[in-house]
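Protein chains in written order, with the numbering used here: chain D, -1 to 812; chain Z, 2 to 349. Here a beta-carbon is modelled for each residue, glycine too, at the ideal position from N, C-alpha and C.
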């Protein structure tokens, strides 16, 4: 909503500056986004005091003056105005400034005399057409004061972000009402100049049909149009609006068109009542019907677009066809223009949701639809119509033909609400007595009646948003001022909700990965996807990223490419977030995943190691294990070679269940890029089932929905006996997994085997083809005594026999 | 040489040798001592061993044993002395201790995470726990349960990404309010951080997905005063001592609704800087931090609570916006690019 400071002042005169009004409106109503000074083009103009004025030696009409412009020195200025006098103040535009219209002033010589700027006329400042002389200022302001600060010519546009619940603030009257309530200043619409003698006949109330000035009005769709008023004014002269009206329209950001149209726009902004003027001569059959549009009916609207209507929309029609879309926009053919002499003026109340549907269907939002959608006061049309007639007669001439019609089949009852002061205290935390509450509400038009301990409150028609007791409680808090309530932290009871498993799992994994030197990313989850296997956004932002990711690595890979494009060769990114998988249910399946991508140097270059090795698959395998351990503390984590068809290197098994994978990541990468590896792990399924039916609850049992904790660790006594160890270098066929050999070693080693470590792989001359040499170190320990040399040797022999027997694996001989 | 003579010489050599080793002041002296005692050519013990064959056969065993014991004792002493000398030696003179240390890569949390964690830390002290909900959400939880009237202009505030009939990407974290209220009995004190989605195109201050932190407190006797007090306490903790301001606002799911501002940190609340009107606060001197209010009775009823008995308050704020302000990041898109050079700046 654009409001004009001057316009507001005309309704509620106060001593407040625009800045003070901004703060008041922001504190009590809605936020003021900005103040726009409308004569910014006069920013450079200052108050100039002419100290001396002498005739120009080489001219009979020029003056050479010395001007004090507050700069600590007098400036020579040449002036041609007959009315320049020493000791008087005038608007002064110094050299270097730009005048309205774009004239840039420079220091120059005029007939040999230097001039440092210009003393200005009203026309040069764009204030009026007066150009008989320079503008003499009656001001106490010191020389050098900005002209706009000294002279009240610069209206200020107050841009208010009006929330959807406050349609009353979409008018100057509504904002002025709040200012009046806050300041106690009187509230009155300014009289229309020249309208003192205009008499508006009493409207004729009817239900569905009536005649106004020879035009038959038929209300056929009372659901879409609960109230329709119309009046005929004949013999108008369509011409440009007077300055004051054109300025008002310009001040709120509009464009003056002609006096008739400007009057309707003026009243929309002043009262909040949209209205529409038809050229009465263009209404076929002198008939106005408010009806549903016919399927496929067409209308060329004022913006020059031909629109196809449907049966859900309410239209204003003449005998033959639609002439306006109710509450949205009028038609071009019945538009008021220079040739118009008779006007049919519509002042109606249209149903908010009907207007909203039509506006959305047509993709056509107007000042009128914006207000009707939010709710216009149904009691306002008579008052708005009377003022419109006054203005039409006063500014466009003409006379009212007959009585206005007022079709209002089911007049709205005003909303009445019971307000309990005790409830006000329970919600607001401060006890307010009924009298104070009634005064606060009364200041903005609510009518309060005491009824025992309660108040019966009647809601004014301009507040359709107020329907419940709590709406009134908000009004009380707002009108009293939010800042008037204390800021106290009062005692509270602890809550019943445990930390969500999603939060706990995320935190564990994030901390671990940050500790491992990875950087957390929070990218967008939209991907190129494909028809199969991805969840599609029905109305995506970009068609080339219209799917939701089904893995985190999928998005991290794109982020990695972004890094490579910026020459960041070492990438270590991770994210914990949602992945979305198609499901047969109402919602996609949503999983909490952790993904990580690493490539490039395994550690930062150092002077002892200029080129550290790049991450390889064994780093990736380790990362996979770390992530799984962090995500599932205490669980059995195994990385098994993945099915090559899956493209992954390893499957991450947690307690025997596949939960993720480690893979090489395919990138659109430059040739110098190191290989990239990715880890993806599902931490848990995110619950998205409906908890309970609307209006019901289903409390979970205590302890449910808490993430499984790691089993409590048990202390193992520290060994008091020495360990004995030996190494085994074995010839293992290339196709036999090391894990298989290791399993035999563990089983065959017996209970005294403490540790088995694979520490070497060797392929070379001394190893037969088809084999590799793998070396394990085995550590044995007896809990109570030192193992004897013979016992160790015995175990070694036994193990070698088992290996040979079960796997055919022999010791490597040198 | 008789056995006795031999044993005497051996004992003397051992005694002298031990003393000599003890006196050795550095590695060179120790080497000299070793050479003198055990040197292959002319060491005293070596010399004694060479004479063993010249002893009578019955004496050789005892003599051999004695000289071996002496040799072992001296070797042990040499080793011990070398270790002692090494321990007290100054570090090798080649090291330049100003050379940089060796580090691993440093990890970092995303700046938005840092802000969320800081917010959560403050609210945890006030008894709040963390609740979450799905990002793909039922339309009912996102709108109707939160008192959004169908076909109402309030819906225009949420340009929604839809997935399917009745399914959407949540436009705010407020659905977690209703999910939590349906799942746990009051008292409720939760914080719900998470990602939300709007059909907004990327520009320097808008993103189609961003983080939000929801807060909710519901119990008997919770009032507007608790609400203002708690959020003011939070603002003072989070921003350092500051002034706050509460403005009327509108959200379908709160009433009274309010927005909380804190004094602008750039201009100190004056609205102007040396360069003219303050940009970040648009010259108002205030920065908008969060939207909030008392929980609307319709929301409590939608979750099966008696709104006459229970009251509550809720808020929602954008940690992304706060991160931009706090770290001086000029463009929200930087938060999403995941550029290593950006993320590394947040390593502790």
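The C-alpha of residue 74 of chain Z lies about 13 Å from the C-alpha of residue 23 of chain Z.
For residue 234 of chain Z, a Cβ of chain D is located within less than 8 Å of the residue's own Cβ. By the C-beta density criterion, residue 366 of chain D is buried, having at least 16 other C-beta atoms within 10 angstroms. In the three-state DSSP reduction, residue 50 of chain Z falls in the helix class (H, G or I). Taking 8 Å as the cut-off, the beta carbon of residue 223 of chain Z is found closer than this to the beta carbon of residue 312 of chain Z.
For residue 141 of chain Z, the uninterrupted alpha helix (DSSP H) segment begins and ends at 140 to 143.
Of all C-beta pairs linking the stretch 113 to 122 of chain Z to the stretch 553 to 571 of chain D, fewer than three are shorter than 8 Å, placing the two stretches out of contact.
For a Cβ distance threshold of 8 Å, nothing in chain Z lies close to residue 542 of chain D: the least Cβ distance comes to about 14 Å.
Taking CB atoms only, residue 250 of chain Z has a neighbour in chain D less than 8 Å away.
For residue 58 of chain Z, the uninterrupted alpha helix (DSSP H) segment begins and ends at 58 to 89.
Residues of chain Z whose Cβ lies closer than 7 Å to the Cβ of residue 730 of chain D do not exist, since the nearest Cβ in that chain is about 33 Å away.
Residues of chain Z with a Cβ closer than 9 Å to the Cβ of residue 613 of chain D do not exist, since the nearest Cβ in that chain sits about 10 Å away. Using a Cβ-Cβ cut-off of 7 Å, residue 303 of chain Z is close to 692 and 693 of chain D, given in chain order. Restricted to the stretch 587 to 667 of chain D, the beta strand (DSSP E) segments that are unbroken, complete and at least 3 residues in length are 587 to 597, 635 to 639, 646 to 652 and 655 to 662, listed in chain order.
DSSP assignment within the stretch 730 to 789 of chain D yields the following whole alpha helix (DSSP H) runs of 4 residues or more, N-terminal first: 736 to 747. Secondary structure within the stretch 127 to 199 of chain Z: the alpha helix (DSSP H) runs of 4 or more consecutive residues, fully enclosed, are 140 to 143 and 176 to 184 (chain order).
Around the Cβ of residue 316 of chain D, a 10 Å sphere holds 16 or more other Cβ atoms; the residue is buried. Closer than 8 Å to the CB of residue 566 of chain D there is at least one CB belonging to chain Z. Cβ atoms of residue 508 of chain D and residue 283 of chain Z stay farther apart than 8 Å, at about 36 Å. Here residue 102 of chain D carries a strand assignment [DSSP, helix/strand/coil].
Within chain D, 480 have C-beta atoms less than 8 Å from the C-beta of residue 259 of chain Z, given in sequence order. Just measuring C-alpha positions, the residue of D/256, D/292 and D/595 sitting nearest residue 339 of chain Z is D/595. For residue 276 of chain Z, no CB of chain D lies under 8 Å from its own CB, so it is not counted at the interface with that chain. Scanning its chain for C-beta atoms nearer than 6 Å, with the 5 sequence neighbours on each side dropped, one finds around residue 116 of chain Z the residues 320, 323 and 324, in chain order. When the five nearest sequence neighbours on each side are left out, the beta carbons in the same chain lying within less than 8 Å of the beta carbon of residue 116 of chain D are those of 75, 77, 90, 91, 97, 103 and 122, in order along the chain. Distance from the CA of residue 617 of chain D to the CA of residue 205 of chain Z, rounded to the nearest whole angstrom, comes to 38 Å. Using a Cβ-Cβ cut-off of 8 Å, residue 462 of chain D does not count as an interface residue toward chain Z, since no Cβ of chain Z sits closer than that to its own.
Taking residue 544 of chain D as reference, the option from D/550, D/522, D/557 and D/555 with the minimal CA-CA separation is D/522. A check of alpha carbon separations from residue 244 of chain Z across Z/266, Z/213, Z/346 and Z/112 identifies Z/266 as the nearest. Listed along chain Z are 103, each with a C-beta nearer than 7 Å to that of residue 606 of chain D. Secondary structure at residue 560 of chain D: helix, using DSSP grouped into helix, strand and coil. Residue 45 of chain Z and residue 726 of chain D have their C-alpha atoms roughly 45 Å apart. For residue 295 of chain Z, a Cβ of chain D is located within less than 8 Å of the residue's own Cβ. When Cβ pairs closer than 8 Å are counted between the two stretches, the stretch 200 to 213 of chain D is seen to touch the stretch 387 to 403 of chain D, the count reaching three or more. Ranking Z/226, Z/234 and Z/304 by CA distance to the CA of residue 482 of chain D puts Z/226 first. Annotation: residue 229 of chain Z is outside any beta strand (DSSP E); the continuous alpha helix (DSSP H) that includes it extends over 225 to 240.
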